[in-house]
Structures are given as structure tokens and as C-alpha cells.
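In the order they appear, the protein sequences are chains A and B. Here the first sequence stands for residues 390 to 456, numbered as in the numbering used here. Here the second sequence stands for residues 1227 to 1683, numbered as in the numbering used here. Think of the CB as a built atom: it goes at the ideal place given N, C-alpha and C, for glycine as much as any other residue.
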Amino acid sequence: MDKFDDLSLAAYVDAAAYLLQLPIAAGHLPGVRENFARIAALAALFVDAPLELHDEPAPVFRPGPPA
Amino acid sequence: MKSARSIAAEVRSGRRSARSIIAQTLADIHQNNPAINAFTARLDDQAERDAAAIDAAVDSGRDPGPLAGVPFAVKNLFDIAGVTTLAGARIYADCPPAAQDATVVRRLKEHGAVLVGALNMDAYAYGFTTENTHYGATRNPHDLARSAGGSSGGSGAAVAAGLVPLTLGSDTNGSIRVPASLCGIFGLKATFGRVSRAGSVPFVPDLDHVGPLATCTDDLALAYDAIAGPDARDPTCSTRSAPPLTPELAAGTAGLRIAVAAGYFERPLAPVARAAVGDAVSARDIRRRIELPHADHARAAAFMLTAIAAGSLYLPALRTRAGDFEPLSRDRLLAGALIPAAWVHAAQRFRRWYHDRVLALFDLVDAIIAPATPCSAPALGAETMSIDGATMAVRPNLGMFTQPISFIGLPVAAVPIECGSALPIGIQIIAAPWREDICLRVAAELERRGIARARIG
């Protein structure tokens, strides 16, 4: 993933918050943007990891009561 | 404060009454808790009644349990019947009291232990410093200007101050191991699924663990033996039986292959943290170094999965009452709720990849020694710290060495190393899934050699 620019991140935060019907107070917005930028930088470390088609997600759902 | 084992031995033999133990404990808490702010609720009347019941059992020749008369307290995210479960958060303050005890609380009581109170924590368990705006910071008993670690900071401080010999905490990214390290006590985060979380407030359901903090490995084993094992109330709790650890402690470490974690785990380390790992390594003449592949990515993925799980969990309340949230974590929760699903899926696929490769390392070694925290306790209120020439934020980075381990559910003992420093510090002893016995055998060996020792009072 390329490095994100601040304006695009801010636009994403606004749009995602709108979709989730999550009002973010003006006083909280700088902190939310800063935290989202930190998360995005961390995500960049692993989202492009060269995984194979059959590399499965960690959680496994098992129907029925415990064996 | 005596160990849980010695208290139980005295009570079981009739040499001392549980009532006198509890009376002394309640008096100590009354006198010494205000300085450290570890307790958020006290259960004096209930504790006195429960102690009397233990004494009655002893007097009538009934078995009062292996933890008879042992005072204990729990992080306030565990349900205690009749008490409102706070999880460190004001948004829960008006909730009705819990109807029943959490499974682990009930099991400790059934083994004879006596619950004396609930303990402070970072709100929602989202933090490593127990700086809680609404309930006050918990202070480190070894230096009141410093953090006790978190998020189970009250659980660490109450033991380190000698107020109780045993507490319960929870650990999603390091929340037992960080306070154990900064307070200079022992902690055990068992394999994911080994100990029931039923009746505890969830934080990240596929990363949450619960476990004990104590002054010695003996007491960790006693507590684990009481609380571990299947529980139908928790869908993530394994159906495997949990063999008791207490008989394993004397087994020593002969034949165990032990390595020290290399690469990611070698910096940044303050001199005291480096010395602690060095002392443990020297004690066993450990020469093998082993690298966990992409531990930095694991830490990043754990950080992100935590943010999305917690942000999603609290989304309804964030919509309507964000102003009531803990200011230190509110913006991280809001940001976490916005994380795109593709990143989450990538993190969970990477998690499996990382899990499989770390597990392969346990074909080569039985235990891995790693630092628990990059430094000893930071000052309360500190925003940044400088370690190894790097300046970094305090609050997220205290858990940088614990997160890549809990991310894949490995069992870990946090062990305080007596390296002569002004402030205590601990290390992690990590083993393959379901091998808590190895973690505690290595811890007990370090304890016998005088390398590991809790710092109390």
C-alpha cells in the first residue's frame, strides 16, 4: 500500500462515519483522524503480505454444542 | 503478606482462622489502598461472612479447599454478584448489579479463596497504564509517581503492595504481563481458550484471556489449577481438560530446550530490560537465539484487530454518548469503528500464517524468553519515552513485546527478574499452546536460583 495523504484520510473518516451513522464531534475529529492515520500506517505493514489462496483466516467457526 | 499457599496451609491446619486473615487484609487495604488507588469496590461484609464459612468448615472437619482463607481481588471487568461491573468505564456505572459471579470468581471461591474487592483498570481494558480519568490512576507501589501498568493495573498494584497475595486480571494484548512487569510480580496468561471468560466484559473476543497475578509461581499454579478448564458458558473455552500445574513445578528444566527471542525483541530495550533478559539467559547458559517471523507485522495486526473489535463493540454507545467515554481511548475507539473490512480480513489471514510459522519453531525449542516491557514503569502522565535512542509514545508501546505473543494465543508467564534496579521489571517465558506447564517450570527454576523474585511492599 502507498502512504496515505492526510486529505484523503480525512475524507475517508468523514465518509465512513457517515455510513455508520456515527456523529463525530468537532472536538474529537482531530484525534480520530490522527488515530486512523496511525492504524492505516500499521495496516500497511501486513495488508499486502504475499498470502496464498488457501491461507485461511485465524478464527474458525464450529457449529453445534462443544464436542 | 504471606503467599497464598502458606495462608491456605495455616487455615487448613487450624493454626490460624480465615477470619483473622481477612480482618488483617481488610485493615491493610483500608490503610494502604488510598495511596495507590488499586481498589474500586470493597466487599468487607461478604468477605467476613465467607471467611466465617471457611472456619466453620475447618472446625467441622470438612475440606475447606486448597485456597482456604486466601484473600483475593479481581479486575473490575469480572462479574461479582451484587456489584455493578464497571470495566473501568463510566458508561457502565449506572448498570444494574451482576446477577452471578464470573466463572473464574466462582471457581476461586469454591476452592476456598475469599473475595475482598474489585480492582481498577484502564477503561474497557484499552490501555497499558491504568490512567483512568473517571476512577483515577492506579499508582505503582514502588514509586507512587509512576504507572502500575495496565490494563490490569489494580491487579498488579494490589499484589505488589502486599494487600492481597492473589488477583485476577485479563490480557488481550499484554494487560496481565505489562502490570506484572512494572509492578515486579508474577503473572500467567494461559493458552487462549484455557480459562473461561464467562462473566467478564468482552474487549476483543478472539484475543481476550484471563489469568492470575501473584507473588510466586506456586501461587500462580494454585490459582490456575482452580480456574482452568472447560466451561459451557464461554464458547471460546476449550473442551480439553486442564492438567494441574502444581505437581509440575518441581520438575526442573533439565531436557528443556530454551531460546531467547531475537530480532524484533532485541530493541528498543532500556538497559534494565536488557539486563533482565540477560540475567535469565545467563542463568541457564542459553545460547540459542530464535526469531519470530514478522513479529512487527503481528504487533500491527493485533493493534488493528483490537481497534476494530473494540470500536465495533462500542459503536452504539459512541453514537449517542461519546462524551462519556474515557478521553484517553475515545478517539482510538471512534477511529477503530471506521476500519475497512478488507484490512480486517487480511489481518486474520496473516494471523493464521504467523501462527503456523511460530508453531513450527516449537519443533526446535520448548520455551522462548523475551522481554515483557521495553522499560520499567514510566511516570504517570508521560506521553513519550526515549529508549535506545528512539523517542516513542508511552501508552501504545508498553505492550510492543507482549502483543505478538497473545495475538496467537500462546501461554506466557510474566516473571520478575531481580537485577538490582531501582524499579522492577519482568520477562516473558513463552511456550507452545497448552504447555503452561513449561512456562511455570522455567519460572520456578529461575525462582529457585534466586534470579526471579517478586518485589512486594
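For residue 425/A, collect the residues of the same chain with a Cβ closer than 7 Å to its Cβ; drop the 5 residues on either side in sequence, then sort them by chain order. 398 and 402
- Message: Closer than 8 Å is the cut-off here; do at least three beta carbon pairs connect the stretch 1505-1513 of chain B with the stretch 1483-1494 of chain B?
- Response: yes
- prompt: Going along the chain, which unbroken runs of the beta strand (DSSP E) with 3 or more residues stay wholly within the stretch 1250-1309 of chain B?
  reply: 1265-1268 and 1297-1301
| Taking 8 Å as the CB-CB limit, is residue 425/A close to chain B? | yes
- Task: Taking residue 1306/B and residue 1363/B to be in contact with their CB atoms under 8 Å, please state how far apart those CB atoms are, rounded to whole angstroms.
- Result: Their Cβ separation, rounded to whole angstroms, is 23 Å, which puts residue 1306/B and residue 1363/B out of contact at 8 Å.
Practice task
Determine the burial state of residue 407/A: buried for a count of at least 16 other Cβ atoms within 10 Å of its Cβ, exposed for fewer.
Solution key: exposed
- Residues within the stretch 1515-1534 of chain B neighbouring chain A, beta-carbon criterion of under 7 Å: 1522, 1523, 1526, 1527, 1529, 1530 and 1533
**Message:** Going by DSSP, what residue range makes up the beta strand (DSSP E) through residue 1402/B?
**Reply:** Taken as a continuous stretch (DSSP letters only), residue 1402/B belongs to no beta strand (DSSP E), as it is neither H nor E.
(request) Write down the C-beta distance between residue 1349/B and residue 1358/B rounded to the nearest angstrom, noting that I regard them as a contact closer than 8 Å. (result) 6 Å
Is it right to say residue 1337/B is buried, meaning 16 or more other beta carbons lie within 10 angstroms of its own, or is it exposed?
buried
Checklist entry - How long is the line joining the alpha carbons of residue 392/A and residue 429/A, rounded to whole angstroms? => result 9 Å
Taking only beta-carbon atoms, is residue 1250/B less than 8 Å away from chain A?
no
*Determine the contact status of residue 413/A and residue 1560/B, defining contact as a CB-CB distance below 8 Å.*
yes
*Expressed to the nearest angstrom, what Euclidean distance is found between the alpha-carbon atoms of residue 1246/B and residue 1574/B?*
51 Å
With distances taken Cα to Cα, identify the nearest neighbour of residue 1509/B among 1676/B, 1622/B, 1665/B and 1273/B. 1676/B
- Task: With DSSP as the reference, label residue 1341/B as helix, strand or coil.
- Result: strand
Exercise for review: Could you work out which residues of chain A lie near residue 1561/B, taking near to mean beta carbons separated by less than 9 Å?
Suggested key: 402, 420, 421, 422, 423, 424, 425, 426, 427 and 428
Problem set entry | Amino acids of chain A, ordered along the chain, whose beta-carbon sits closer than 7 Å to that of residue 1574/B | 446, 447 and 448
For this session: State the CB to CB distance for the pair residue 1628/B and residue 1400/B, rounded to an integer number of angstroms; the pair is presumed to be in contact (CB under 8 Å).
Result: 3 Å
Have a look at residue 1648/B and residue 1457/B and give me their C-alpha separation to the nearest angstrom.
42 Å
* Quick check: the stretch 1310-1324 of chain B against the stretch 1272-1284 of chain B, are there 3 or more CB pairs under 8 Å? -> no
- [ ] State yes or no: is the C-beta of residue 1309/B within less than 8 Å of the C-beta of residue 1255/B?
- [x] no
Going residue by residue through the stretch 1594-1635 of chain B, where are the continuous alpha helix (DSSP H) segments of at least 4 residues, counting only ones entirely within it? 1620-1623 and 1629-1632
### Task
Identify every run of the alpha helix (DSSP H) within the stretch 1424-1508 of chain B, keeping only runs that are complete inside it and at least 4 residues long; order them along the chain.
1443-1453
- [ ] At 8 Å on the CB atoms, spell out the chain B contacts of residue 452/A, in chain order.
- [x] Near residue 452/A there are no residues of chain B at all, since even the closest Cβ is about 11 Å away, more than 8 Å.
**OP:** With 8 Å as the threshold, decide whether the Cβ of residue 1434/B is near any Cβ in chain A.
**Re:** no
Chain A contacts from the stretch 1544-1560 of chain B (Cβ-Cβ distance under 8 Å)
1544, 1545, 1548, 1549, 1556, 1557, 1558 and 1560
Q) Count the other CB atoms within 10 Å of the CB of residue 441/A; is the residue buried (16 or more) or exposed (fewer)? A) exposed
Q. What residue from 437/A, 409/A and 394/A has the CA that sits closest to residue 422/A's CA?
A. 394/A
Per DSSP, what kind of secondary structure is residue 1396/B in: helix, strand or coil?
-> strand
Margin query: Taking its Cβ as the centre, do 16 or more other Cβ atoms sit within 10 Å of residue 1590/B, making it buried, or is it exposed?
Written below: exposed
Open item on the list: Please confirm whether residue 440/A has its beta-carbon closer than 8 Å to some beta-carbon of chain B.
Closed with: yes
Please state whether the Cβ-Cβ distance between residue 1592/B and residue 1664/B is less than 8 Å.
yes
### Message
Taking the alpha helix (DSSP H) that residue 1669/B belongs to, which residues open and close that run?
### Response
1662-1674
Between residue 1482/B and residue 1668/B, which are expected to be in contact by the criterion C-beta below 8 Å, what is the C-beta distance as a whole number of angstroms? 7 Å
Name the DSSP beta bridge partners of residue 1415/B, please? 1638/B
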